[in-house]
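Below is one structure; the comments refer to it alone.
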Amino acid sequence: MMNAPQPTSQRRKHSEDTQLLNIFLPHDVIIQILSFLPVKHLMRLKCVCKSWKTLISDDSTFVKLHLKRSARKKQLALFSMICRHTSNFSITCLRQKNPSVALANKPHFQLNDDVYGFLFPVGSCNGLLCLHGKYLRGNYAEILFYIWNPATRKLSNKIVFLCKPGTGRWTFAFGYDNSTETYKIVAFHLMTNDVRVFCVGDNVWRNIQSFPVVPTYSVPSLYKHWHPSIEQGVYVCRTLNWLTIRNKFQNENQIDGKCITADQFVIISLDLSTETYRQLLPPCGFDAVSCVQPILAVLRNSLCFCHDFHGTDFIIWRMKKFGVQESWTQFVKINYQNLHNLVPQYRRFQLFPMCLCENGNTLMLAWDQNEKAILYNWRDITVKESRITGEVDWSLAKDYVESLVSIS
């Protein structure tokens, strides 16, 4: 049933109220006030007047201002691989004394395509999440990508990447090229080392210079456990970064994992503006190869290198100044004994740093059994677990900030 139109008197009063607001508050002041509001409130305020709707929906300057203001207010997108659903929560909510949050029982978006399996998050940037899944079509597999804004619930049209089954696995990463204000998806082949770039809006995958390395997770004799979150490149300072082994091989099967040493590990960093790469070294404190795979992460916009230390500790290093080897600093060293109430002691396990909470003292971690998230206060050395009902693959969780950014 359609809503009845507002009486003329109400419409006139609404127009007068808007005019009065503009009289008492200059337009510049209104912009500043609105830029501090959460996205869900701004979505409602678009109906106040045409100028507000245009400002919130179409003004790129306002979108950038709002993004800058919300940059420190982290949200967390959670993925259920059983229910094929997603939910998003504030980090503050997960840090409550008795956090108990239910995972949404309905998907946040509907896909017209019959995606084979699940949608995995590739990465997050400026409030956007890049998701991908497979769609089988004849002799080819279409890998489908979608750019999703969890705050506005807007989903892009599908982006298609074609690959022939049996030719090896691709890994993908997602980031932002500030020089052209373009979002890019990068594909990295695990056997041929070929690299392809897709600029969102161009609808063309382009080949760029290959990487003379192999990703660490592609060496079966080195690391036996694989998880989709390990293989992704991480976005920081306008670059995408992968942890790799820096020798040329015809394929990963030629590598004897037992002979790999710590000095063969290297970080490949792809500049999204120039589409050229350079090699960064891990911190000097990483001097021995463990059976637990080292990984890259991003905490507070800093590149982090995380690794097991002699089976007793988990160490996170932060690169304070991106690209400067001397700026590697040990951020936290977590003794596994401090986690004994939450994780088993009979096996080595993989930890995944997800984010630093707003106060900077609490580190949120996932582990490879996906049963819970760990909230570790590195100042007080206290540990607790989040309590969320529903099947969550915690190691796929992505932090993001609320934004008005959209992919047209």
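This note's numbering applies: residue 26 is where the sequence shown begins, and numbers increase by one.
All residues carry an ideal CB built from backbone N, CA and C; glycine is no exception.
Predicted model, so just to flag it, every value in this text is computed and none were measured.
{"Query": "What first and last residue would you give for the alpha helix (DSSP H) that runs through Phe87?", "Result": "Ser85 to Arg94"}
{"Query": "Do you know how far the Cα of Asn182 is from the Cα of Lys75?", "Result": "27 Å"}
{"Query": "Helix, strand or coil for Glu410, going by three-state DSSP, please let me know.", "Result": "strand"}
{"Query": "Going by Cα to Cα distance, which pick from Trp230, Thr299 and Thr264 is closest to Asn326?", "Result": "Thr264"}
{"Query": "Which of the three DSSP states is assigned to Leu59 in this structure?", "Result": "helix"}
{"Query": "Would you call the CB atoms of Leu321 and Cys331 closer than 9 Å?", "Result": "yes"}
{"Query": "Between the alpha carbons of Ser352 and Leu305, how many angstroms are there, rounded?", "Result": "12 Å"}
{"Query": "From which residue to which residue does the beta strand (DSSP E) around His332 run?", "Result": "Ser327 to Phe334"}
{"Query": "For the candidate residues Pro146, Leu364 and Ser204, whose alpha-carbon lies nearest to that of Lys409?", "Result": "Leu364"}
{"Query": "With DSSP as the reference, label Cys382 as helix, strand or coil.", "Result": "coil"}
{"Query": "Is the Cβ-Cβ distance between Leu367 and Pro146 less than 9 Å?", "Result": "no"}
{"Query": "Round the Cβ separation of Val417 and Leu67 to the nearest angstrom and send it over; I've been treating them as touching at under 8 Å.", "Result": "Not confirmed; about 29 Å, so no contact."}
{"Query": "Under a three-way DSSP split, which group does Tyr141 fall into?", "Result": "Annotation note: pLDDT 46 at Tyr141 (below 50); position unreliable, coordinate value reported separately. Strand, per DSSP."}
{"Query": "Per DSSP, which residues does Asn182 bridge with? Please list them.", "Result": "BP columns for Asn182 are empty, so no partner."}
{"Query": "So, using beta-carbon positions, are Thr269 and Val238 closer together than 9 Å?", "Result": "yes"}
{"Query": "Figure out for me which residue from Asn203, Leu376, Phe377 and Cys380 has the closest Cα to the Cα of Thr299.", "Result": "Asn203"}
{"Query": "Once the 5 residues before and after Tyr260 are set aside, which same chain residues still bring their CB inside 6 Å of it?", "Result": "Gly148, Cys150 and Gly200"}
{"Query": "Note down, in chain order, each residue of its chain lying with its Cβ closer than 6 Å to the Cβ of Lys89, except the 5 sequence neighbours on either side.", "Result": "none"}
{"Query": "Let's see if you can read the secondary structure: which residues bound the beta strand (DSSP E) around Lys346?", "Result": "Here Lys346 belongs to no beta strand (DSSP E), and DSSP marks it neither H nor E."}
{"Query": "Excluding the five sequence neighbours on either side, which residues of its own chain have a C-beta within less than 6 Å of the C-beta of Ile81, listed in chain order?", "Result": "Leu67 and Lys71"}
{"Query": "Shortest alpha-carbon distance to Asn384 belongs to which of Arg69, Lys98 and Phe197?", "Result": "Lys98"}
{"Query": "Could you tell me which residues DSSP puts in a beta bridge with Leu268?", "Result": "Ile292"}
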